[in-house]
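What follows is a single structure, written as structure tokens, with notes after it.
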Amino acid sequence: MGKLLSWIVLGLFLVVVPFISWYYLKEGLDYRKQALSELKVKDSIQVDLDSLLILKGNTTLLVLQSDKEITDLLPPIQEQFKNTQNFQIVSFDQTSGFDHLPIGYLSQLKSKYSNDSFMLIDTSLRIRNTYKHDMDAVRKMIEHIAIVIPRVKESDIKMKQ
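The sequence shown begins at 56 in my numbering and counts up one residue at a time.
Here it is, written out as structure tokens:
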């Protein structure tokens, strides 16, 4: 009886645990691939249009509309990403309490995407996606921000020689 139990436990560790690990990692990979397919470049901002370099080099959540309902969604997002380097929330007007663009700055972009509430722009001024202000879209936007933000390269562990 003891040998049978040992073989069963060994079989669990050699077959079942690796299978569960593989499945978990595969689900994560599939999720990431699906999210990246949603984040294909939709449009881009010409560098000369960002003459003040407000957006270049930063992952930017651009607030296209400044209704109270929309600006109330911003503080939790700011709180979630407050320790992230090169992430900013920018709006077109001063009422939201966040950084704002000068009057007339990128105005053609605002009019082109006037039906949306938010725009996600990566560090290379590429528009990755636009979002409405319903809760499902906001959840998806937060997931997308986490994917688009460049990862900070961790330093390698070095052995003393």
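All residues carry an ideal CB built from backbone N, CA and C; glycine is no exception. As the structure is a prediction and not an experimental result, all values here were calculated from the model.
Looking at the DSSP output, Asn184 shares a beta bridge with Leu175.
Within the region 125-162, the complete alpha helix (DSSP H) runs of at least 4 residues fall at 129-135. Residue state for Asp122 is assigned as coil, using DSSP reduced to three classes.
Inter-segment contact for the region 159-179 and the region 103-121 is present: three or more beta-carbon pairs are separated by less than 8 Å. Counted as a single uninterrupted DSSP element, the stretch harbouring Gln101 is not any alpha helix (DSSP H), since DSSP gives it neither H nor E.
Taking a contact as a CB-CB distance under 8 Å, the pair Val96 and Arg206 does not count as one, their CB atoms being some 19 Å apart. In the structure shown, the three-state DSSP call for Leu110 is coil. Here Leu116 carries a strand assignment [DSSP, helix/strand/coil]. In the structure shown, Ile197 falls within a helical segment according to DSSP collapsed to helix, strand and coil. Note that the region 82-92 does not touch the region 169-181; fewer than 3 beta-carbon pairs, one per stretch, sit closer than 8 Å.
Apart from sequence neighbours up to five positions away, the residues of its chain that approach Pro157 with a beta-carbon distance below 8 Å are Leu107, ordered along the chain. Counted as a single uninterrupted DSSP element, the alpha helix (DSSP H) harbouring Pro73 occupies residues 72-93.
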